[in-house]
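Structure record follows, encoded as structure tokens.
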Amino acid sequence: MFRQENLNYYLFITLATLFIGIGFTSADFFTSPANDVKDFFILFSQWGTLMLALWSVIYLLSINKYLFGLFYPVICFLSGILMFFRYTTGTTLTTMIMDAALDNDNQLTYELISLSLIVILVVSVAIALLFVFYRFRYIKVNYIWLNLLSASVIFLILFNIPRINRPLSERIPFNLYFISSRYITEKKEVLKEREKLNSSIVCGENSDLLVLFVLGESLRPDHLGFNGYHRNTTPHLSKEDIISFQNIYSEYTYTNVAVPHIMTRADSIHPERAYSERSFIDIFKQCGFYTTWLANQESSKSYVYFMNESDTLIYANINKSPYVFDKWLDEALLPSLNYFIEKKEQKKMIILHTIGSHWYYNSHFPDEFQKFNPTTKSRIVKSNTPEEMTNSYDNTVLYTDFFIFQVINSIRNKNAVLIYLSDHGEALGENGIWLHANDALYTHRPACFIWMSEIYKQNYPEKYRNLHQNKDKYYRTDFLFPSILEAAGIESDIIDPDLSIFR
Ligand SMILES: [Zn+2]
Numbered sequence: 023m024f025r026q027e028n029l030n031y032y033l034f035i036t037l038a039t040l041f042i043g044i045g046f047t048s049a050d051f052f053t054s055p056a057n058d059v060k061d062f063f064i065l066f067s068q069w070g071t072l073m074l075a076l077w078s079v080i081y082l083l084s085i086n087k088y089l090f091g092l093f094y095p096v097i098c099f100l101s102g103i104l105m106f107f108r109y110t111t112g113t114t115l116t117t118m119i120m121d122a123a124l125d126n127d128n129q130l131t132y133e134l135i136s137l138s139l140i141v142i143l144v145v146s147v148a149i150a151l152l153f154v155f156y157r158f159r160y161i162k163v164n165y166i167w168l169n170l171l172s173a174s175v176i177f178l179i180l181f182n183i184p185r186i187n188r189p190l191s192e193r194i195p196f197n198l199y200f201i202s203s204r205y206i207t208e209k210k211e212v213l214k215e216r217e218k219l220n221s222s223i224v225c226g227e228n229s230d231l232l233v234l235f236v237l238g239e240s241l242r243p244d245h246l247g248f249n250g251y252h253r254n255t256t257p258h259l260s261k262e263d264i265i266s267f268q269n270i271y272s273e274y275t276y277t278n279v280a281v282p283h284i285m286t287r288a289d290s291i292h293p294e295r296a297y298s299e300r301s302f303i304d305i306f307k308q309c310g311f312y313t314t315w316l317a318n319q320e321s322s323k324s325y326v327y328f329m330n331e332s333d334t335l336i337y338a339n340i341n342k343s344p345y346v347f348d349k350w351l352d353e354a355l356l357p358s359l360n361y362f363i364e365k366k367e368q369k370k371m372i373i374l375h376t377i378g379s380h381w382y383y384n385s386h387f388p389d390e391f392q393k394f395n396p397t398t399k400s401r402i403v404k405s406n407t408p409e410e411m412t413n414s415y416d417n418t419v420l421y422t423d424f425f426i427f428q429v430i431n432s433i434r435n436k437n438a439v440l441i442y443l444s445d446h447g448e449a450l451g452e453n454g455i456w457l458h459a460n461d462a463l464y465t466h467r468p469a470c471f472i473w474m475s476e477i478y479k480q481n482y483p484e485k486y487r488n489l490h491q492n493k494d495k496y497y498r499t500d501f502l503f504p505s506i507l508e509a510a511g512i513e514s515d516i517i518d519p520d521l522s523i524f525r
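The sequence shown runs contiguously to residue 525 in the numbering used here.
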């Protein structure tokens, strides 16, 4: 008798889990590129792991029928919304979407509501209520404390394994919780007031200057045609007067840690400055520059502060995250860029945070840039051949060449300087290592190059000369902070001029 009741209870939890898993979570897996049966099984096992985690959550909730009655329909309702937009527009929940939804007037929200969405939500909630009814009417939980203990143990174990926790946080329905809490964390981070960099600043003569900083992604120098790569991955930039710095070392090999070190005065002796000081944006503002951050990447707790230091912050793609595999292209930045270049403002400093050569490579170049073939077919790295991986990567480089060329065309007739620095490099199979966020020779090697307009060169001939003299020297990414200020003619006693590539 007891046994049958317990069995019914666990069966109930399993069915309530599968309803969410098949009805909603699966929407997150449909667009995952997969090559063969093996890939399918890997994806299926990832989905299965999520289900195990979800099972533990529903197990916890269902011990108390009122908790279950309250939360289960709410989870199904919100998951239904996420599932609908995942299928219809490829949109996934991000902190940027939360920002747009909470900040905007309700115009946006009304436009998105359609009849099919309403039908999906009504059906989702109706089924959820059936589960609630069944829980109230037929389920009796025995040994409450024992069940509570075992549910908590399973829950705590699963949610503390990073390999499970990370992908979980981006998937339906878990992203409802994780993205919301990330949103709140980032809002708090922005509100923490960092002290003004206390120094004497000499702003210099630079009334119509335009300083453009392209923060690249996973681009390594040796795959650029103009650096001597055997493939011509830079047909446009090879014809430009590009000064390339091939010997830059990045201590950090993934975006969230690399970016705050690039933006601030942090160096190997004072790495903590990345999390306590303001960025160079603050100094540009003090010198009267209008500053803009154009993002084609998500915000992150580690650098959201700097994004909000800018006078304007614009997201080019608010619905993209690393678990979306449709096209996510840097050219989405161009309309805003052109708007701010032409804006009748004083001098300007614009940051473009690009998605560049981030994995999944095929998502980051349009079809017409698929010059090197065959490309990857699966998002499981090991399922692709080294040749396919490199081809897909090189196609992203080819597209970056085109993108930067568009940017240069927009500033060619201005008093402008463009500094490109990738946040870190990328491993492409050396010693069997791929991608980044790991310790490999090429993950520490970011691409870096400078372009100057003719007007800028005439105004600052010595900077142009100095660049040529310095281009083969070895620098850490620490060079960026003093160098970008020097490019703008800004001097200050807080910066080490010896680190500047323009000196
Ligand atoms: Zn990165």
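By construction, the Cβ of each residue, glycine as well, lies at the ideal position given by its N, Cα and C atoms. Computed from a predicted structure; not experimentally measured.
Local conformation of residue i per DSSP, three classes
i: Cys98; result: helix
i: Ser444; result: strand
i: Met23; result: The predicted model places Met23 with a pLDDT of 49, which falls under 50 and marks its position as unreliable; any figure quoted below should be read in that light. Here Met23 sits in coil by DSSP.
i: Phe63; result: helix
i: Phe524; result: coil
i: Arg487; result: helix
i: Thr275; result: coil
i: Glu239; result: coil
i: Asn413; result: helix
i: Lys370; result: strand
i: Trp77; result: helix
i: Ile517; result: coil
i: Ile284; result: helix
i: Phe471; result: strand
i: Ile340; result: coil
i: His245; result: helix
i: Ala438; result: strand
i: Ile223; result: strand
i: Leu232; result: strand
i: Tyr165; result: coil
Beta-carbon proximity check, residue i vs residue j, cutoff 8 Å
i: Phe248; j: Ser266; result: yes
i: Ser78; j: Phe177; result: yes
i: Phe3; j: Ile194; result: Outside the displayed span of the chain (23 to 525) sits residue 3, for which this structure offers no information.
i: Glu299; j: Arg401; result: no
i: Leu335; j: Trp315; result: yes
i: Ala150; j: Tyr81; result: no
i: Leu463; j: Glu452; result: yes
i: Ile284; j: Leu443; result: yes
i: Leu420; j: Lys399; result: no
i: Ala469; j: Leu246; result: yes
i: Tyr31; j: Val163; result: yes
i: Lys531; j: Tyr327; result: Summary: the structure shown does not reach residue 531, with the chain confined to residues 23 through 525, and so no result is reported for it.
i: Asp423; j: Thr277; result: no
i: Leu259; j: Phe427; result: yes
i: Thr113; j: Asn360; result: no
i: Phe41; j: Tyr156; result: no
i: Thr207; j: Lys323; result: yes
i: Glu239; j: Ser379; result: yes
i: Asn318; j: Asp289; result: no
i: Ile389; j: Thr275; result: Correcting the residue identity first, residue 389 is Asp in this sequence and not Ile. Their beta carbons are not under 8 Å apart, which means Asp389 does not touch Thr275 by this criterion.
i: Asn269; j: Asp494; result: yes
i: Ile85; j: Asn169; result: yes
i: Gly91; j: Ser146; result: no
i: Ile430; j: Trp381; result: no
Any non-hydrogen atom of ligand 2 within 7 Å of residue i CB
i: Asp416; result: Absent from the structure shown: ligand 2. Ligands present: ligand 1.
For residue j and residue i, believed in contact at Cβ under 8 Å, the rounded distance
i: Leu65; j: Ala56; result: 6 Å
i: Asn395; j: Asn413; result: 6 Å
i: Glu273; j: Arg498; result: 7 Å
i: His446; j: Ala280; result: 5 Å
i: Ile377; j: Phe235; result: Between Phe235 and Ile377 the Cβ distance is about 16 Å, and since that is not below 8 Å, they are no contact.
i: Thr116; j: Asp348; result: Actually they do not touch by this definition, with Cβ atoms about 14 Å apart.
i: Leu355; j: Leu198; result: Not a contact, Cβ separation roughly 29 Å.
i: Ile516; j: Arg287; result: 7 Å
i: Leu72; j: Leu190; result: 6 Å
i: Leu507; j: Phe196; result: That pair is no contact at about 42 Å.
CB contact check: residue i to chain C, cutoff 8 Å
i: Ser266; result: The structure shown contains no chain C, having only a single protein chain.
Item to check | Within 7 Å of ligand 1: residues by beta-carbon to any heavy atom | outcome: Glu239, Ser240, Tyr276, Thr277, Ala280, His380, Asp445, His446, His458
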